Amino acid sequence: VSDTMSTTEEKKLPLNGRRAIPPNNSNDEENEVPEMEAFGLIPRGFNPRDYLRVVDIYMFKEPYEINKQEHHTDKYYNPKLIVRRGQAFQIQIDFNRPYKPETDQFWLEYLMGRYPQKNKGTYIPILVGNVLKPGQWGAKIIHRENNTIRLSIMSSTTCIIGKFRLYVAVWTPFGILRTPRNSATDTYILFNPWCQLDAVYLDDEKEREEYVLNDVGIVFHGNVEEVKSRSWSYGQFEENILDACLFLMDKAELELSGRGNPIKICRVASAVINSRDENGVIAGSWDNRYDYGVAPSAWTGSVDILLEYYSSKQPVRYGQCWVFAGVFNTFLRCLGIPARLITNYSSAHDNNANLRLDFFLDDEGKVDTRLTKDSVWNYHCWNEAWMTRPDLPVGFGGWQVVDGTPQETSDGMYRCGPASVQAIKHGHVCFQFDAPFVYAEVNSDIFYSRMEKNGTQVVQNIDTTHIGQLIVTKAVGGDGMMDITEDYKFREGSDEERLALETAVMYGVKKQSIQETTYQPQTDVDMDFQAQKAVLGNDFKVTITFRNKSRNSYTATTYLSGNIVFYTGVTKSEFKKHSFTAKLEPSSSTSSDVVIKSSEYMNDLLEQASLHFFVTARINETGKILAMQKAIILEIPTLRIKTKGELVAGKEMSVIVEFTNPLKQTLENVTLRLEGPGVLRTIKKQFGSIPMNSTLTWEVKCIPMRPGLRKLIASLSCDALRHVYGELNVQIQKP
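Everything in the sequence shown is counted per my numbering, starting at 44 for the first residue and increasing by one.
Written as structure tokens, this is what we have:
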């Protein structure tokens with residue numbers, strides 16, 4: 044069997060000095076494979092019918108049959124055979140007569156792409172042997188009866204991921220006879236977290252069920268004090284999603300030969316998920332205007348986005364971090380790489396990775412937005428993918444950070460990762476890829492400084508605990524929250540944390556020392572800022588408390604600035620200014636309340652319903668400054684979902700979505716979306732207006748296809764109100 048499939052077309056290719064074979068980076072393209080490959084002149088009496096001939100190939104590709112059952116691929120809505128690498132699967136070949144091993148010789152050929160080559164893993168000839176070696180390509184006959192044989196086929200544990208074409212070749216003295224091209228025998232091969240030799244092997248069955256097979260998840264948003272959650276439908280098994288995910292690798296022009304390596308796949312995917320380079324999947328928008336697109340908060344899952352991209356080949360508008368992360372998670376789980384969606388609360392977006400966010404204060408003590416370039420995101424979502432890291436020293440495998448949200452460029456493209464979580468925790472940020480950036484996202488300090496007239500920067504306050512306070516993901520097997528902060532960092536103030544920081548600095552994470560900034564804090568006064576539970580459209584109050592631990596009397600000139608911010612921490616407008624002077628008696632506490640009226644913040648409110656407060660206080664007697672910042676998330680009303688009728692697979696049922704408008708205004712141009720993997724495809728409906736205090740009801744009829752526990756997810760979106768969600772778990776019975 045020759046190493047390269049020679050075809051007449053290939054000989055016509057223009058040669059260039061560097062390589063004879065053009066780049067092979069599309070899983071979709073094919074070459075012509077000859078059905079009769081002659082060794083030389085064919086004698087006149089040659090009749091192919093005299094030789095062994097393949098009549099039929101049976102793939103056992105139904106969801107209830109052995110292959111999809113054993114390979115955990117029975118959930119894919121895809122009629123073709125889908126198997127996982129490094130694990131045996133079966134096919135059956137019917138010949139025109141009984142197979143005689145003494146005289147008949149046949150073999151299988153798996154091909155991928157336009158220029159299949161053996162040494163690239165895109166042309167795989169498999170001879171039939173007596174024994175299967177674990178982790179290597181091979182085939183053996185396990186059953187013979189009449190004209191039929193049944194084969195057990197083993198794929199390599201490092202095999203390329205994607206769609207292979209299958210041919211059966213029969214040897215005759217005058218040439219090779221092949222089965223004609225038949226797309227029904229195409230075979231998808233995916234990563235195998237169940238196989239110990241696979242780079243993505245995960246040893247816990249409950250974790251595999253969550254991180255590979257669960258098609259819905261939870262996105263945690265809000266902020267540290269007000270953790271909010273919403274469901275997201277990953278839908279990695281839905282129709283055409285597998286093909287859409289393979290198309291992403293073609294779009295990223297990843298060489299086929301590199302597609303067995305999860306590190307490479309994650310790295311190119313983190314760039315192709317966003318549209319900043321090469322027209323990737325999602326166009327980000329953080330400006331609260333979403334003309335000609337869908338508001339990021341309105342999406343309920345990844346399927347609509349991936350299918351729209353797969354058909355239009357143009358970026359889908361619009362996304363923000365959880366949308367990029369949700370789609371990335373679908374991509375990873377679909378290909379068989381264990382993955383989870385992470386939320387980092389108070390995430391530093393430090394534009395020069397120096398572990399320090401600079402907030403400049405003006406003379407009144409309020410933040411100078413002209414000078415301040417860094418920002419703190421209320422939260423930021425990224426993904427973790429599970430894999431070994433043979434490219435790094437031992438101990439850095441396991442969870443890797445990958446991030447599809449375009450924040451900064453890495454090697455000239457908007458991408459981030461994979462970066463080992465373990466390396467980030469221990470400060471070993473020298474290990475590829477992008478570890479210093481992620482380290483800064485979870486470990487930066489906030490410096491509050493004032494610019495003097497002569498241009499020197501005077502640091503007035505440093506907050507070392509605000510950034511990366513809480514890092515979470517969905518719990519395994521439930522909808523709860525799992526705190527994984529300790530995976531990323533040692534306990535604040537511990538010796539290990541200090542050591543990890545020194546290591547990171549040694550490896551080139553820039554950190555300015557405190558000395559060069561001559562900073563002595565006011566240690567004998569503490570300031571705290573608390574807010575009442577704030578409901579959208581209502582007034583609420585905030586309280587500033589000073590604790591004077593000294594024996595001196597002080598006066599504190601205090602400035603409160605309330606801002607409407609994007610969840611990325613960027614200010615849109617200031618809606619509240621309030622100054623007062625507080626008298627601080629020795630060894631006692633003083634509290635002051637400030638009322639925030641709904642009329643002050645409602646006009647300008649952005650979709651994340653997030654208010655951000657800066658409080659700065661000058662102790663007049665010492666000239667020292669106390670500063671803090673806090674985001675407040677307003678309580679947003681939710682959608683109510685109920686069902687009517689029997690919940691049985693194959694029978695019609697009704698889903699009812701209800702919403703009551705709590706605002707003191709009419710909502711205009713309202714869009715509702717509803718989806719539930721296995722129950723109903725995404726449905727959208729537009730409503731003209733919902734007057735204040737009135738209730739909207741929407742009934743949808745559907746026929747659930749799959750039994751089991753399913754989730755219905757709904758969202759409501761309009762200019763005045765976004766991030767309105769509802770969800771319901773439903774148990775669909777078997778018919």
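The C-beta atom is built at its ideal place from N, Cα and C for all residues, glycine as well. All of these numbers come straight from a predicted model, not from anything done at the bench.
Residue i vs residue j beta-carbon contact at 8 Å
i, j, result
"residue 476", "residue 221", "no"
"residue 111", "residue 231", "no"
"residue 262", "residue 154", "no"
"residue 400", "residue 490", "yes"
"residue 779", "residue 80", "Residue 779 lies beyond the range of the chain shown here (44 to 778); nothing can be said about it."
"residue 14", "residue 125", "Absent from the model: residue 14. The displayed extent of the chain is 44 to 778, so no value can be given."
"residue 700", "residue 677", "no"
"residue 266", "residue 70", "no"
"residue 214", "residue 199", "no"
"residue 258", "residue 278", "yes"
"residue 204", "residue 301", "no"
"residue 238", "residue 164", "no"
"residue 284", "residue 384", "no"
"residue 236", "residue 447", "no"
"residue 337", "residue 358", "no"
"residue 459", "residue 604", "no"
Terminal residues of the alpha helix (DSSP H) in which residue i lies
i, result
"residue 112", "109-113"
"residue 543", "538-549"
"residue 365", "364-378"
"residue 780", "This structure does not reach residue 780, given that the chain is present from 44 up to 778, and the question cannot be answered."
"residue 238", "No alpha helix (DSSP H) holds residue 238; DSSP gives it neither H nor E."
"residue 254", "That residue, residue 254, is in no alpha helix (DSSP H); it is neither H nor E in DSSP."
"residue 350", "346-355"
"residue 531", "528-531"
"residue 313", "305-315"
Close Cβ partners of residue i (< 8 Å) along its chain, the five nearest in sequence each way excluded
i, result
"residue 405", "411, 493"
"residue 777", "691, 692, 750"
"residue 615", "331, 606, 607, 608, 609, 647, 649"
"residue 250", "381, 519"
Residue i: first and last residue of the uninterrupted beta strand (DSSP E) it sits in
i, result
"residue 390", "382-392"
"residue 259", "259-265"
"residue 714", "710-719"
"residue 745", "738-745"
"residue 788", "The requested residue 788 is not part of the displayed model; the chain covers only 44 to 778."
"residue 120", "Counting along the chain, residue 120 falls outside any beta strand (DSSP E), and DSSP gives it neither H nor E."
"residue 758", "751-761"
"residue 598", "597-608"
"residue 337", "Where residue 337 is concerned, there is no enclosing beta strand (DSSP E), given that its DSSP letter is neither H nor E."
Local Cβ density within 10 Å of residue i, reported as buried at 16 or more and exposed below that
i, result
"residue 607", "buried"
"residue 766", "buried"
"residue 752", "exposed"
"residue 529", "exposed"
"residue 722", "buried"
"residue 668", "buried"
"residue 654", "buried"
"residue 296", "exposed"
"residue 322", "exposed"
"residue 90", "exposed"
"residue 292", "buried"
"residue 186", "exposed"
"residue 141", "exposed"
"residue 452", "exposed"
Test: residue i CB closer than 8 Å to a CB of chain D
i, result
"residue 765", "Any reference to chain D falls outside this structure, which holds one protein chain only."
Cut-off 6 Å between Cβ atoms - residues of its own chain near residue i, not counting five sequence neighbours on either side
i, result
"residue 499", "none"
"residue 729", "714"
"residue 573", "586"
"residue 307", "301"
"residue 761", "710, 712, 713"
"residue 675", "574, 577, 654"
"residue 768", "273, 758"
"residue 680", "705"
Cutoff 7 Å; reference residue i; Cβ partners in own chain excluding five residues on either side
i, result
"residue 638", "582, 584"
"residue 472", "466, 478, 479, 482, 547, 550, 552"
"residue 461", "306, 309, 310, 428, 443, 444, 445, 476"
beta-carbon residue i near the ligand PLP non-hydrogen atom, thresh 7 Å
i, result
"residue 272", "The ligand PLP is not part of this structure, which contains no ligands at all."
Note to self: So within the region 428-477, which uninterrupted beta strand (DSSP E) runs reach at least 3 residues, ignoring any that extend past its ends?
What the structure shows: 441-446, 459-463
Notebook entry, point to check: In the region 627-669, which residue ranges form an unbroken alpha helix (DSSP H) of at least 4 residues, counting only runs that do not cross its ends?
Noted result: 641-644
Next item on the list: Counting only runs of 3+ residues fully inside the region 143-228, write out the beta strand (DSSP E) ranges in chain order.
Entry: 149-154, 166-172, 181-188, 191-197, 205-215, 218-221
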